[in-house]
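Student: These protein sequences, in sequence, are chains A and B. All residue numbers for the first sequence refer to my numbering, where the first residue is 788 and numbers rise by one. All residue numbers for the second sequence refer to my numbering, where the first residue is 717 and numbers rise by one. Glycine included, every Cβ here is placed at the ideal spot set by N, Cα and C.
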Amino acid sequence: MNMAVPVDLDAYLDAASAIVALPIAPEYRAEVLANLQRTAAIAAAVLEFPMSDEEAEAASVFCPGEIE
Amino acid sequence: MTLAQGSAAEIAASVRSGSVSAGDVLAATKARIENVDGTVKAFTDLTLERAEKQAQEIDAAIAAGRDPGPLAGVPFAVKNLFDIKGLPTRAGSKINRDRAPAIEDAVLIRRLTKAGAVLIGGLNMGEYAYDFTGENVHDGICRNPRNTDHMSGGSSSGSGAAVAAGMVPLALGSDTNGSIRVPSALCGIFGLKPTYGRLPRSGTFPFCDSLDHLGPLARSVRDLAISFDVMQGHDPHDAACARKPVLETAITLDVGANGLRMAVAGDYFNRGARPEALEAVAKVAAALSVTREVVIPEAARGRAAAFVITTSESSALHIDRLRTRAADFDPDTRYRFLSGALVPATWYIKAQRFRRWYHDQVLALFKDVDIILAPATPCAAPQVGEKFLTLGEETVSLRPNLGLFTQPISCIGFPVVVVPVQREGALPLGVQIIAAPWREDLALRVAAELQRLGVATAPVATGV
């Protein structure tokens, strides 16, 4: 797993749910944790992709371009 | 032509010429819905009172010699995340039923209505659009009209099923990661996911702002084109809606595919699919004499970026509902929304940065090609309730993998038409016709050519 992903997601889940004030009920916890682990594995593919400072523009406001 | 089962273009022509009335079309539509929707469960709301009133107005306009609009009398229905005046916009959820009724229709409903089309109702969908299956715990499973033991696909499940079953010739859906294209493919109809930013989303309940698109589903390419043409135009209430001139697509449909540089997507799009999904692509490619292959670079990472962006944005949208009403979510979406609320900002921002890079690479690819062909889904419609997908000797989770081939494209907002390839004795498959941004006209031209050749067809399902 990528170094940027917290390894102990079990502890991370509790800390993160506390900081965003979203308590996870015990009956949902196992599947939430499993999904968070899936998400971390998927995110790792993006996180490990090298990008330079010149490629810093996020696409959060996004308008597809045109063929020249 | 059976009234309820004609194309939108045929119905509009008949109504405009006075050979049938809008009232007759509406009556036939109601009868078809009554006959089949108890089994299919495509509709969640019917708006027949306003439909009756509008049909009367159209017939009165024709009697008075006034123009009733290019889509006069055409019945249509919308995924229930579109605002319909007088109804709470449920977006497939239980929670949203407590919302105040919408005070006006979504912009795209208003534009279709102005063109003479008649809204029939709201359609079933996966909760908050986070779904590829068509299964909804609150409103019931939307079934595939071509075989009701099988999934319609989602999340625009009712949109795909209502059109395939011949209840309406035209429906609107939304597509964030594949939610127009997956049900179009599984139900065996045509669907258009336009360029991101092309059609205004004003008056619809969002899922993931960075990736949400709206578009039409129909049984003919012409119906996609004529509805798309009247729905275009900037609207200031959607910040992502581009200020682009209207692209008239219906008038160029008959130009065909000649002169277009086309290729099949290789690498990523050749793997992770059942043989029949790749055979459908090969059949389409052969009909168009396409032999070239291109590689869409980093498609797998593009899909990963779309996943991270979707889970982060959608969970942030729902966080108050997750805090107060987690038990009221569909069990199939709840754990994903809860988990997405915990994703760190650095992951999300890297995904958005990667998305910019990936967009630029794929845009550059389109300097040398006009159209790329790819499978829409890795398999035909699975049975309702199925959780896993077997690919050769590998078994993967079904739900996310239904979007395997759609997600890398919507991630960067390129327009796609899905064309249905019917199979004798088996459920249909869809093929994605992908074009460069803002060139929906080219994808529609190729789709029209495939329909003209009889390679892509969308007959009304006869099994229901």
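To the nearest angstrom, report how far apart His929(B) and Val1162(B) are at their CA atoms.
Tutor: By one-based count along the second sequence, residue 929(B) stands at place 213. By one-based count along the second sequence, residue 1162(B) stands at place 446. His929(B) and Val1162(B) have their C-alpha atoms roughly 21 Å apart.
Student: Mark Val962(B) as exposed unless 16 or more other C-beta atoms lie within 10 angstroms of its C-beta, in which case mark it buried.
Tutor: Taking the first residue of the second sequence as position 1, residue 962(B) is located at position 246. Exposed, because fewer than 16 other Cβ atoms sit within 10 Å of the Cβ of Val962(B).
Student: Using the three-state DSSP reduction, which class does Phe985(B) fall into: helix, strand or coil?
Tutor: Stepping through the second sequence from its first residue, residue 985(B) is reached at position 269. In the structure shown, Phe985(B) sits in a helix (DSSP, three-state: H, G or I).
Student: Quick one: grab the DSSP three-state call for Lys999(B).
Tutor: Indexing the second sequence from 1 puts residue 999(B) at position 283. Residue state, collapsed to three classes: helix.
Student: What separation, rounded to the nearest whole angstrom, lies between the Cα atoms of Leu839(B) and Pro1124(B)?
Tutor: Position 123 of the second sequence holds residue 839(B). Position 408 of the second sequence holds residue 1124(B). Those two C-alpha atoms are separated by around 26 Å.
Student: Three-state secondary structure (DSSP) at Met947(B)?
Tutor: Taking the first residue of the second sequence as 1, we reach residue 947(B) at position 231. In the structure shown, Met947(B) sits in a helix (DSSP, three-state: H, G or I).
Student: Quick one: give me the first and last residue of the alpha helix (DSSP H) that His1034(B) is part of.
Tutor: Within the second sequence, the letter at position 318 stands for residue 1034(B). His1034(B) -> alpha helix (DSSP H) spans Ala1015 to Arg1041.
Student: Let me know the secondary structure DSSP gives Pro916(B) once reduced to three states.
Tutor: Within the second sequence, the letter at position 200 stands for residue 916(B). Pro916(B) falls in the coil class under three-state DSSP.
Student: Along chain B, in chain order, which residues have C-beta atoms closer than 7 Å to that of Glu818(A)?
Tutor: Along the first sequence, one-based indexing puts residue 818(A) at 31. What Glu818(A) touches in chain B: Tyr1051.
Student: Is any beta-carbon of chain A found at less than 9 Å from that of Ala685(B)?
Tutor: Residue 685(B) lies beyond the residue range present for chain B, which begins at 717 and ends at 1180; the question has no answer from this structure.
Student: Pair every Cβ in the stretch 889-906 of chain B with every Cβ in the stretch 849-868 of chain B, then say whether three or more of these pairs are closer than 8 Å.
Tutor: In the pairwise beta carbon analysis, the stretch 889-906 of chain B is classified as touching the stretch 849-868 of chain B: at least three pairs are separated by under 8 Å.
Student: Please tell me whether Val833(A) has its Cβ less than 9 Å away from any Cβ of chain B.
Tutor: Taking the first residue of the first sequence as 1, we reach residue 833(A) at position 46. Taking Cβ atoms only, chain B reaches closer than 9 Å to Val833(A), which makes this a yes.
Student: Within the 9 Å Cβ cut-off, does Gln1068(B) reach chain A?
Tutor: Along the second sequence, read from residue 1 onward, the residue named residue 1068(B) stands at position 352. True, the Cβ-Cβ gap to chain A drops below 9 Å.
Student: Closer than 8 Å by beta-carbon distance: list the chain B residues that pair up with Val807(A), in chain order.
Tutor: Indexing the first sequence from 1 puts residue 807(A) at position 20. Per Cβ cutoff of 8 Å: Ile1035, Ala1057 and Leu1058.
Student: Does chain A have any CB closer than 9 Å to the CB of Leu1054(B)?
Tutor: Looking up residue 1054(B) in the second sequence gives position 338. Yes, contact with chain A.
Student: Please work out which residues of its chain come closer than 7 Å, Cβ to Cβ, to Ala1001(B), disregarding the five sequence neighbours upstream and downstream, and give them in chain order.
Tutor: Here residue 1001(B) refers to the residue found at position 285 when the second sequence is read from its first residue. Counting only Cβ-Cβ distances below 7 Å, and skipping sequence neighbours, we find Val980 and Leu1089.
Student: Give a yes or no on whether 9 Å exceeds the smallest Cβ distance from Leu1161(B) to chain A.
Tutor: As a position in the second sequence, residue 1161(B) is number 445, starting the count at 1. For clarity, residue 1161(B) is Arg in the given sequence; the question names Leu instead. Taking Cβ atoms only, chain A never reaches closer than 9 Å to Arg1161(B), which makes this a no.
Student: Sorted by chain position, which residues of the same chain lie with C-beta nearer than 7 Å to Lys746(B)'s C-beta, five sequence neighbours on each side aside?
Tutor: Taking the second sequence and counting its residues from 1, the one referred to as residue 746(B) is at position 30. Closer than 7 Å at the Cβ level, and outside the excluded window around Lys746(B), lie Leu764.
Student: Quick one: residues in its chain with C-beta nearer than 7 Å to the C-beta of Thr965(B), no 5 flanking neighbours on either side, listed in chain order?
Tutor: As a position in the second sequence, residue 965(B) is number 249, starting the count at 1. Result list for Thr965(B): Ala941, Phe944, Asp945, Glu1156, Asp1157 and Leu1160, in chain order.
Student: Taking 9 Å as the threshold (beta carbon to beta carbon), is Leu1118(B) in contact with chain A?
Tutor: Taking the first residue of the second sequence as 1, we reach residue 1118(B) at position 402. No, no contact with chain A.
Student: For Met788(A), which residues from the same chain have a beta carbon less than 8 Å from its beta carbon, with the 5 sequence-adjacent residues on both sides left out?
Tutor: Here residue 788(A) corresponds to residue number 1 of the first sequence, with the count starting at 1. Low local confidence applies: a pLDDT of 45 at Met788(A) is under 50, so the model's placement there is unreliable, with the coordinate-based value given in what follows. Once the five neighbours on either side are set aside, the close Cβ partners of Met788(A) are Val794, Ala827, Ala828 and Ala831.
Student: Below 8 Å CB to CB, which residues in the same chain sit around Asp761(B) once its five sequence neighbours on both sides are set aside?
Tutor: What you label residue 761(B) is simply residue 45 of the second sequence in a count that begins at 1. Counting only Cβ-Cβ distances below 8 Å, and skipping sequence neighbours, we find Asn796, Ile800, Leu803, Gly837 and Gly838.
Student: Figure out for me which residue from Thr1178(B), Arg1168(B) and Ala998(B) has the closest Cα to the Cα of Ser936(B).
Tutor: In the second sequence, the residue the question calls residue 936(B) occupies position 220. That would be Arg1168(B), whose Cα lies nearest to the Cα of Ser936(B).
Student: Quick check: the Cα distance between Ser733(B) and Thr1026(B), rounded to an integer number of angstroms?
Tutor: One-based indexing of the second sequence puts residue 733(B) at position 17. One-based indexing of the second sequence puts residue 1026(B) at position 310. When rounded, the distance between both Cα atoms is 47 Å.
Student: Please list the partners that Ala798(A) has in chain B, where partner means a Cβ-to-Cβ separation under 7 Å.
Tutor: Within the first sequence, residue 798(A) is the residue found at index 11, counting from 1. Within 7 Å of the CB of Ala798(A), no CB atom of chain B is found; the nearest one sits about 12 Å away.
Student: Suppose you measure from the CA of Thr864(B) to the CA of Glu1140(B); what does that come to, to the nearest Å?
Tutor: As a position in the second sequence, residue 864(B) is number 148, starting the count at 1. As a position in the second sequence, residue 1140(B) is number 424, starting the count at 1. Spanning the two alpha carbons is a distance of roughly 17 Å.
Student: Taking 8 Å as the cut-off, is the C-beta of Val962(B) nearer than that to any heavy atom in the ligand FAD?
Tutor: This structure simply doesn't include the ligand FAD, nor any ligand for that matter.
Student: Are the C-beta of Met788(A) and some C-beta of chain B separated by less than 9 Å?
Tutor: Taking the first sequence and counting its residues from 1, the one referred to as residue 788(A) is at position 1. The pLDDT assigned to Met788(A) is 45, lower than 50, so where the model puts this residue is not dependable; a value taken from the coordinates is nonetheless given after this. By this cut-off, Met788(A) is not an interface position.
Student: Using the beta-carbon count (16 or more within 10 Å), is Lys1083(B) buried or exposed?
Tutor: Position 367 of the second sequence, counted from the first residue, corresponds to residue 1083(B). By the neighbour-count rule (16 or more Cβ atoms within 10 Å), Lys1083(B) is not buried but exposed.
Student: With Gln1138(B) as the anchor, note down where its beta strand (DSSP E) starts and where it stops.
Tutor: Here residue 1138(B) is taken as the residue at index 422 of the second sequence, counted from 1. Per DSSP, Gln1138(B) belongs to the beta strand (DSSP E) from Val1132 to Arg1139.
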